[in-house]
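Below you'll find the structure, written out as structure tokens, and then a few comments.
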Amino acid sequence: MMPRAMRELPKAYDPSAVEEKWQRHWQEKGCFHADPHSQKQAYSIVMPPPNVTGVLHMGHVLNNTIQDILARRARQEGKEVLWLPGTDHAGIATQARVEKELSKKNPPRTRFDEGRENFVKLVWAWKEEHGGIIIKQLKKLGCSCDWLRERFTMDTQYARWVARVFTELFNEGLIYRGLRMVNWDPVLLTALSDEEVIMTPSKSKLYTIRYKLQEDPNRWLLVATTRPETIMADVAVAVNPKDPRYSNLLGKKVIRPLCEAPIPIIADEHVEIGFGTGALKITPAHDRVDFEVGVRFGLEIIDILTPDGHINCPECPELHGLDRFAAREKSVELLRNKELLEKEEAYDNNVGVSQRSDAPIEPRLSMQWFLKYPCVQEAKEAVSRGDITFRPAHWAKTYAHWLDSIQDWCISRQLWWGHRIPVWYHKDMATELKEAPKLDAEDAAAGRIYVGEEPPNDPENWVQDEDALDTWFSSWLWPFATMDDECRSKFYPTTDLVTGPDIIFFWVSRMIMAGFRFAGGKPFSNVFFTSIVRDLQGRKMSKSLGNSPDPLDLIARYGADGLRFGLMRIAPTGTDVKFDEKQIEEGKNFANKLYNAARFRMMQGGASSDPAPHFSPIHIDILSKLKELHAQVADALGKYEFNACTQALYSFFWNEYCSLFLEAVKNDLREGADPAVRNATLHTIDTVLRHYLALLAPIMPHITEELWESLGYAARYDNKPLMLTPLPSPDTLLSGLSESDISLARASAAALYETANRARNLKAEYNLATNKNVRLVVKPMLPTDADLANRLALLAGAKETIVKKDYTAPRGTPTALTPLGELFLPLEGLVDVDAERARISKELDKISKEIARSQAKLDNESFVKRAPSEVVQQEQERLREWKEKKEHLLTMQSALS
RNA sequence: GCACGGGUAGCUCAGUGGUAGAGCGGCUGUUUUACACGCAGUUGGUCAGGGGUUCGAAUCCCUUCCCGUGUACCA
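In the working numbering, the protein residues as written are 11 to 907.
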């Protein structure tokens, strides 16, 4: 009956061969392909494109596992699914990567040695060879993306969209070029957007410096600053107009130290009277706020820093050419020598740091391209009205706040790798135009500049802008620029977006605006913000801390399914995930459990015949729990509660199915068992496994697919891989049974399991846990038939269960009151009266406490009067049960004395 | 400073007003034919502290403390 091969199935599940096999199979069969002509309801997700330089980290695993679960579940629900993958050209990261390669050459080279055209070619070559490793890694995780539609943010079609969007926004007057204070990265030599600057707490020093009065060099004004190296660029000292200490100095002048010159004392509201000395040096070229003050007062702008952060001030030879931080030290020394340093104190402030290079940002006056965001109002309303839902919902507040205080977006970068700005200057006036303080649509209308999707027809007359666009200026088009018209008409707007809350401003909000402006509406209906994966100390995972596990290593050791399952089990909604490898091991253990439960079925051989009657209460019980599981999974996934879903799947299978049901039916399958009974049990097992594999498949796609095939379900039901099989309906599971049939069966099964537990407890307390020769005796209170009695013996590890209404136990026989009735464990000569007495008195202690607590509650008049009657009844019932148990124990106790 | 999230068993976390839970870990026993990646038993909690509402609070309100995140200012 049992094929030999099945007996020889390995005892442990090995995911390595299985996972790759199915990944290949699914792809070859085109299982992931999305058909825009399908009549089915559309379900779509665009993958947040990882950097093309990226390698898979735990954040990606979390993110993409969730997307895969959603996509696979949607397929089971009969939807046409598009999960669109791709990578981002990641301007700065990729350029830096290739520059690093160049610097390793002998002799070292820079991009300037290569020249722009050649350098860009080198980056493309690097991308073709090394880029997109992460795509291969995502395949190993089992991601069911439509890989044929993989996109890159610099694909030709995509680039056309970028140019088109730029051109339209420019023509609309939303894009302009201007001389503005920007965040300058002195290491990468490019401007950055506000979002790319991270305010970092920093241990600084506050220096108080003496600025001598012009009229009397023996008197001075004290000015506090953290940046003495910029003194040479000071053009004024400002005080608050309401500050009485300085009112008599207004209009007078002080001598600027280091690079001596008289500068005026001015009054500006911005200065805080209470801070420092109440006098602020004004350095318009090197501070955002000072720049504004400078504009208000028409002050000169003196720039004394080079783009790479060195001092450019020949008038001050001691500092000229020094790096800004070296210059800070040096300038303090010079001031001290001149006795102009009043004091120096420790000071904690926040310093803006480049997200990309970690270098402190330099506020710098620079010619850049800016965008006034389109469709801000629509974007705001889409979320506040609920057309787009955020989960967890509180992120909507962060989003709204950002939109309320939105600033123009600096979109130009001084990079070579990226979308080059589609603006050309007329060659006759290119030089002047590049210096012009503002350029906009008017200049295009006048023919001074050309802006367009295509280069101008007479290229010889034009010079293209040197700058590239911020990478996010292409990413924000991702949900629609990745699709052709046909695809868009079926799959846009997308259904779900799954991403990290850290890019809510960089990406999510900008996509919403772009969607409204360029694609006719919202880009997605739901946004699920994943948690951030942290280590057990709660720290962010990072390369430098070395606390970031390599997902591929985890896949190698625990399987992709194990990794996915383990991670989903600990992924809460709304907070951080603390990553613990133990949990991934649990995922692997669970896969093994599932495998062995299926292996057990395979060892029973042949298919069960269909249909089979529901046989005993425990069969009905497990089917009813399975039906509940269907609802739990649907409910949890509907609310994006992946941990709850995984937990429900785990506990059903391990506890309800394996530990209780399977253990209780083993005798049904033994040789010599009644064939009808055997068939009923096999049929129930097959039903449970078939439904269960389908429910689990989105989370553990490989092992479920493998078992689906090896259990023969593929051949038997749809002859399709599990991943293309519709989710079986739970409605037929208990057909023909009434509500009361079911609840009776469940109560009966619960009583059996509870009684088996009590029996095991008794055995353990008498050190008989492993002894299978004991007998159990039940004095029944509920109808206890032979079937139930046999199952009880099996579950409790006993030789048999005797059901006897008029049983009189020998003195000192261990006993317990169970839902089935009085349970005895006759010891047949092994009676230990003292042990039993001790056990009873321990029990009594516990129960007496419960009785006291319950009694006190019921004695409380206001409880009885005010609590709902069900609650009171429940409490009374509880008390009655405890008292009954106590009576039982007391009887036993007196029998012993 | 402001806003948001969190603090429950040694660890990771469930638990939206009615007997405090799960998994892991610890301890004890166990190689029994699906599974030692297992099985059975067991240990373990002032639900951060204080106050309030309520017959009843981990849960609702106020407050303090701690951790995390975002954001503003910072000479």
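C-beta: ideal position from N, C-alpha, C; glycine also.
Residue i burial status per 10 Å Cβ neighbour count (16 or more: buried)
i: residue 266; result: buried
i: residue 393; result: buried
i: residue 669; result: exposed
i: residue 678; result: buried
i: residue 11; result: Unreliable positioning characterises residue 11 in this predicted model, as indicated by a pLDDT of 35, which lies under 50. A coordinate reading is not provided.
i: residue 305; result: exposed
i: residue 105; result: buried
i: residue 279; result: exposed
i: residue 538; result: buried
i: residue 25; result: buried
i: residue 739; result: exposed
Check whether residue i and residue j have beta carbons under 9 Å apart
i: residue 430; j: residue 468; result: no
i: residue 121; j: residue 112; result: yes
i: residue 19; j: residue 613; result: yes
i: residue 881; j: residue 834; result: no
i: residue 541; j: residue 503; result: no
i: residue 459; j: residue 434; result: yes
i: residue 709; j: residue 794; result: no
i: residue 73; j: residue 597; result: no
i: residue 283; j: residue 262; result: no
i: residue 717; j: residue 758; result: no
i: residue 156; j: residue 92; result: yes
i: residue 574; j: residue 75; result: yes
i: residue 159; j: residue 492; result: yes
i: residue 653; j: residue 580; result: yes
i: residue 528; j: residue 482; result: no
i: residue 50; j: residue 89; result: yes
i: residue 232; j: residue 352; result: yes
Inter-residue spacing [alpha-carbon to alpha-carbon] between residue i and residue j
i: residue 269; j: residue 448; result: 32 Å
i: residue 683; j: residue 802; result: 17 Å
i: residue 15; j: residue 712; result: Its pLDDT being 44, under 50, residue 15 is placed unreliably in this model, and the value from its coordinates should be taken loosely. Cα to Cα, the separation comes out at about 21 Å.
i: residue 829; j: residue 768; result: 10 Å
i: residue 495; j: residue 167; result: 12 Å
i: residue 286; j: residue 256; result: 14 Å
i: residue 138; j: residue 205; result: 30 Å
i: residue 13; j: residue 615; result: Residue confidence for residue 13 is low, a pLDDT of 41 falling below 50, so the modelled location carries little weight and cannot support an answer.
i: residue 744; j: residue 697; result: 11 Å
i: residue 572; j: residue 846; result: 46 Å
i: residue 86; j: residue 724; result: 15 Å
i: residue 201; j: residue 189; result: 12 Å
i: residue 148; j: residue 512; result: 21 Å
i: residue 43; j: residue 32; result: 15 Å
i: residue 775; j: residue 815; result: 25 Å
i: residue 281; j: residue 141; result: 51 Å
i: residue 848; j: residue 863; result: 23 Å
beta-carbon residue i near the ligand SAH non-hydrogen atom, thresh 8 Å
i: residue 530; result: No copy of the ligand SAH appears in this structure; indeed no ligand is present at all.
The region 210-220 contacting the region 337-353, beta-carbon criterion three pairs below 8 Å = yes
Counting Cβ pairs closer than 8 Å, one from the region 397-404 and one from the region 221-232, do we hit at least three?
-> no
Inter-stretch contact (C-beta, 8 Å, three-pair minimum) for the region 241-252 and the region 290-306 | yes
Completely contained beta strand (DSSP E) runs for the region 240-308, where each covers 3 or more residues | 246-249, 263-265, 272-277 and 289-292
Those runs of the beta strand (DSSP E) which lie wholly inside the region 593-638 and span at least 3 residues = none
May I have a chain-ordered list of the alpha helix (DSSP H) segments no shorter than 4 residues that lie completely inside the region 377-437?
-> 386-394 and 405-414
Say whether the region 354-367 touches the region 188-204, bearing in mind that this needs 3 or more beta-carbon pairs closer than 8 Å, one atom from each stretch.
-> yes
Cβ pair count under 8 Å reaching 3, the region 795-815 against the region 865-885 = no
Are the region 414-430 and the region 94-105 touching, with three or more C-beta to C-beta distances below 8 Å?
-> yes
Given 8 Å, three or more beta-carbon pairs between the region 859-868 and the region 882-899 = yes
Does the count of Cβ pairs from the region 807-814 and the region 774-787 closer than 8 Å reach three?
-> yes
Touching or not, the region 847-860 and the region 889-899, by the rule of three or more beta carbon pairs under 8 Å?
-> yes
Considering only residues of the region 640-684, which uninterrupted alpha helix (DSSP H) runs meet the minimum length of 4 residues and lie entirely inside it, listed in chain order?
-> Unbroken alpha helix (DSSP H) runs of no fewer than 4 residues, entirely contained in the region 640-684, are found at 652-661 and 673-679, following chain order.
Report yes or no: do the region 418-426 and the region 368-382 share at least 3 C-beta pairs separated by less than 8 Å?
-> yes
Contained beta strand (DSSP E) runs [length at least 3] in the region 111-199, N- to C-terminal order = 185-195
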